[in-house]
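Colleague: Numbering-wise, this note's numbering comes out as the position in the sequence shown, counting from 1, plus 17.
Think of the CB as a built atom: it goes at the ideal place given N, C-alpha and C, for glycine as much as any other residue.
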Amino acid sequence: MTLSERRRQLDAGLLAHRNLWHPQPFREARPAWCDAWPALTAALLVLDDAETEYLNDDVPAALRWLAGYVPDIDALLPLIDIPAAPQAMPPVAGERWAWEIPGRKREQIEAFAGAVQPAGGGVIDWCGGKGHLGRLLGLAWKKPVHTLEIDAALCADGEQLAQRIGLDHSFLERDALAVSDWPQSGQHAVALHACGDLHRRLVEHGASAGVARLDVAPCCYYRGVEAHYQTLSAGGQLQLTRDDTRLAVTETVTASPRLTRQRDHAIAWKLAFTSWREQVSDAPYKTFKPVPASWLRGNFADFLTNMAAREGLPSPLLRYLKPIETTGWQRQREVARLAIPRHAFRRALELWLVLDLAEYLDERGYKSALTTFCRRELTPRNLLLSAKRT
Ligand SMILES: C[S@@+](CC[C@H](N)C(=O)[O-])C[C@H]1O[C@@H](n2cnc3c(N)ncnc32)[C@H](O)[C@@H]1O
Numbered sequence: 018m019t020l021s022e023r024r025r026q027l028d029a030g031l032l033a034h035r036n037l038w039h040p041q042p043f044r045e046a047r048p049a050w051c052d053a054w055p056a057l058t059a060a061l062l063v064l065d066d067a068e069t070e071y072l073n074d075d076v077p078a079a080l081r082w083l084a085g086y087v088p089d090i091d092a093l094l095p096l097i098d099i100p101a102a103p104q105a106m107p108p109v110a111g112e113r114w115a116w117e118i119p120g121r122k123r124e125q126i127e128a129f130a131g132a133v134q135p136a137g138g139g140v141i142d143w144c145g146g147k148g149h150l151g152r153l154l155g156l157a158w159k160k161p162v163h164t165l166e167i168d169a170a171l172c173a174d175g176e177q178l179a180q181r182i183g184l185d186h187s188f189l190e191r192d193a194l195a196v197s198d199w200p201q202s203g204q205h206a207v208a209l210h211a212c213g214d215l216h217r218r219l220v221e222h223g224a225s226a227g228v229a230r231l232d233v234a235p236c237c238y239y240r241g242v243e244a245h246y247q248t249l250s251a252g253g254q255l256q257l258t259r260d261d262t263r264l265a266v267t268e269t270v271t272a273s274p275r276l277t278r279q280r281d282h283a284i285a286w287k288l289a290f291t292s293w294r295e296q297v298s299d300a301p302y303k304t305f306k307p308v309p310a311s312w313l314r315g316n317f318a319d320f321l322t323n324m325a326a327r328e329g330l331p332s333p334l335l336r337y338l339k340p341i342e343t344t345g346w347q348r349q350r351e352v353a354r355l356a357i358p359r360h361a362f363r364r365a366l367e368l369w370l371v372l373d374l375a376e377y378l379d380e381r382g383y384k385s386a387l388t389t390f391c392r393r394e395l396t397p398r399n400l401l402l403s404a405k406r407t
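1. Would the segment 197-213 count as touching the segment 150-158 if we require 3 or more Cβ pairs under 8 Å?
2. Work out the CA separation of R336 and R240 for me, nearest whole Å.
3. By how many angstroms is the C-alpha of T164 removed from the C-alpha of A157?
4. For my contact list, D281 and Q349 are in at a C-beta cut-off of 8 Å; report their separation, rounded to the angstrom.
5. Helix, strand or coil for R381, going by three-state DSSP, please let me know.
6. In angstroms with no decimal places, state the Cα-to-Cα distance between R392 and N399.
7. By alpha-carbon positions, which one of L395, D168 and P358 ends up nearest to C51?
8. Would DSSP call H216 helix, strand or coil?
9. Thinking C-beta only, is L395 closer than 7 Å to Q125?
10. For W143, list the residues DSSP reports as bridge partners.
11. Taking DSSP as the reference, what is the three-state secondary structure of A404?
12. Touch check for the segment 167-186 and the segment 107-116: three-plus C-beta pairs under 8 Å?
13. Kindly examine ligand 1 and report whether one of its heavy atoms sits closer than 6 Å to the Cβ of I167.
14. Flag this pair as touching only if the segment 368-385 and the segment 302-314 have three or more C-beta atom pairs under 8 Å; answer yes or no.
15. S187 lies in the beta strand (DSSP E); which residues open and close that run?
16. Answer yes or no: the CB of G345 versus the heavy atoms of ligand 1, is any distance below 6 Å?
17. Does any heavy atom of ligand 1 sit closer than 6 Å to the C-beta of H222?
18. Just to check, is the beta-carbon of D192 closer than 6 Å to a non-hydrogen atom of ligand 1?
19. Can you tell me whether L402 sits near ligand 1, meaning its C-beta is under 6 Å from at least one heavy atom of the ligand?
20. I'd like to confirm something about L57: is its beta-carbon nearer than 6 Å to some heavy atom of ligand 1, or not?
21. Going by DSSP, which residues form a beta bridge with D232?
22. Answer with buried or exposed for N36, where buried requires no fewer than 16 other C-beta atoms within 10 angstroms of its C-beta.
23. Can you give me the Cβ contacts of L257 inside the same chain, cut-off strictly under 6 Å, excluding the 5 residues immediately before and after it?
24. Counting Cβ pairs, one atom from each stretch, are 3 or more of them under 8 Å apart for the segment 128-136 and the segment 92-111?
25. Which value, in whole angstroms, describes the spacing of the CA atoms of L387 and D299?
Have a look at this one:
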């Protein structure tokens, strides 16, 4: 299947099921689809904790489970199945390039480097931090490297690391969103986890500058999106809000049981606050500012008093505290279950966003390919868009 056919089918599948993934159960106690799919709603609400965790985490398993209730939803399965890139990294001794890099980061960089093929006159590592990826590619391919990075301290550290091994590696301390003279024609642009508009900017400017090749592993698609996502390419009917683009990255494969408990606790208390707000105010749902972590570590009475004061609401009487907290925990249980359909679409949304970049590049004389550069456990942001100028 070509990438544009995949995008067309994802576009149609996402549009057809928008009522399942667009509403946020955290905000709506019963999303409208619950009325349309009563058997599904009932089956979700009786799942035990382990099944709930599993189906929220494993997208293909969730789509297969949902297919028992929602016809055609499993047509998404082949569309989100992306092949792993073959790994072929020229050997580079670790002690020569990998000083100071934490283990997981190093594995991601090595996997990315192993999945990309050299092209062009030199490498530009876009939003490259200390330039670890650029340094590895420069050593492996024996090519000059530029790392573009906004943070002066990271550039200075990266320069020192490059000097220690005598590599031709320059740092451009620049704002990727404002720079107009980089990347340059004929360069090979790489970007590992440049967030949102940082990777979109590279794709747009790289294509107009005529880079030889781009290898981009995108992340944080919502960064730089205002109310709605503006597609780069021409095709597609789907329109995404900023919150929809956030859904593409809502997964926590690295969460420990302790972090999972902390997450559930925070959600339960926030839902307790929203239930109190519903009791004392008729205003429609509105988002609230991030809750200070210290408020969540204290006791529930202080938490709710602080939240109510901050949001301009009356504090509850002491005798209502227990029932409000209990409601919060009940809602947390339901939200975790009713979020399963929404979460089942996050990879499809992510692919749709990445294929928007691929189509844009193909419309401008590139030939794009999509692979995964590492297993999901190493980073869920494991998609690699590779585009070669034809
Ligand atoms: C998630 S990190 C990825 C760093 C590196 N590519 C890696 O994988 O180790 C994103 C980097 O983008 C840089 N950055 C953020 N905004 C930027 C901007 N406007 N221009 C250039 N770099 C930026 C950050 O300082 C950070 O080093």
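Modeller: This is what the structure holds:
1. yes
2. Your numbering for residue 240 matches position 223 in the sequence shown. Your numbering for residue 336 matches position 319 in the sequence shown. Using only the alpha carbons, I get a separation of about 43 Å.
3. Against the sequence shown, residue 157 aligns to sequence position 140. Against the sequence shown, residue 164 aligns to sequence position 147. Rounded to the nearest angstrom, the two C-alpha atoms are 16 Å apart.
4. Stepping through the sequence shown from its first residue, residue 281 is reached at position 264. Stepping through the sequence shown from its first residue, residue 349 is reached at position 332. Yes, they are in contact, since the Cβ atoms of D281 and Q349 sit about 6 Å apart, within 8 Å.
5. Your numbering for residue 381 matches position 364 in the sequence shown. Of the three classes helix, strand and coil, the one that applies to R381 here is coil, per DSSP.
6. For this step, residue 392 is matched to residue 375 along the sequence shown. For this step, residue 399 is matched to residue 382 along the sequence shown. Roughly 7 Å separates the two Cα atoms.
7. Position 34 of the sequence shown holds residue 51. For the residues L395, D168 and P358, the minimum Cα distance to C51 belongs to P358.
8. Within the sequence shown, numbered from 1, the residue matching residue 216 stands at position 199. Looking at H216 - three-state DSSP - the assignment turns out to be helix.
9. Numbered from its first residue, the sequence shown carries residue 125 at position 108. Numbered from its first residue, the sequence shown carries residue 395 at position 378. It is a contact, given that the beta carbons lie within the stated cut-off.
10. As a working note, residue 143 is residue 126 in the sequence shown. For W143, which the question treats as bridged, DSSP gives the partners L165.
11. Looking up residue 404 in the sequence shown gives position 387. Three-state result, A404: strand.
12. yes
13. Your numbering for residue 167 matches position 150 in the sequence shown. Answer for I167: yes, Cβ within range of ligand 1.
14. no
15. Sequence index remark: in the sequence shown, residue 187 carries index 170 (1-based). Element bounds for S187: H186 to E190.
16. Counting from 1 along the sequence shown, the entry for residue 345 is found at position 328. The answer is no for G345.
17. Numbered from its first residue, the sequence shown carries residue 222 at position 205. No, ligand 1 has no heavy atom inside 6 Å of this Cβ.
18. As a working note, residue 192 is residue 175 in the sequence shown. D192 Cβ: within cutoff of ligand 1.
19. Here residue 402 is taken as the residue at index 385 of the sequence shown, counted from 1. Result no, Cβ not under 6 Å from ligand 1.
20. Within the sequence shown, residue 57 is the residue found at index 40, counting from 1. No - ligand 1 has no heavy atom lying nearer than 6 Å to the Cβ of L57.
21. Start at 1 with the first residue of the sequence shown, and residue 232 comes out as number 215. Note: D232 sits in a beta bridge opposite V207 and S403.
22. Here the question's residue 36 lines up with position 19 in the sequence shown. The residue is exposed, with fewer than 16 neighbouring Cβ atoms inside 10 Å.
23. Taking the sequence shown and counting its residues from 1, the one referred to as residue 257 is at position 240. Closer than 6 Å at Cβ, skipping near neighbours: Y246.
24. yes
25. For this step, residue 387 is matched to residue 370 along the sequence shown. For this step, residue 299 is matched to residue 282 along the sequence shown. Cα to Cα, L387 sits roughly 48 Å from D299.
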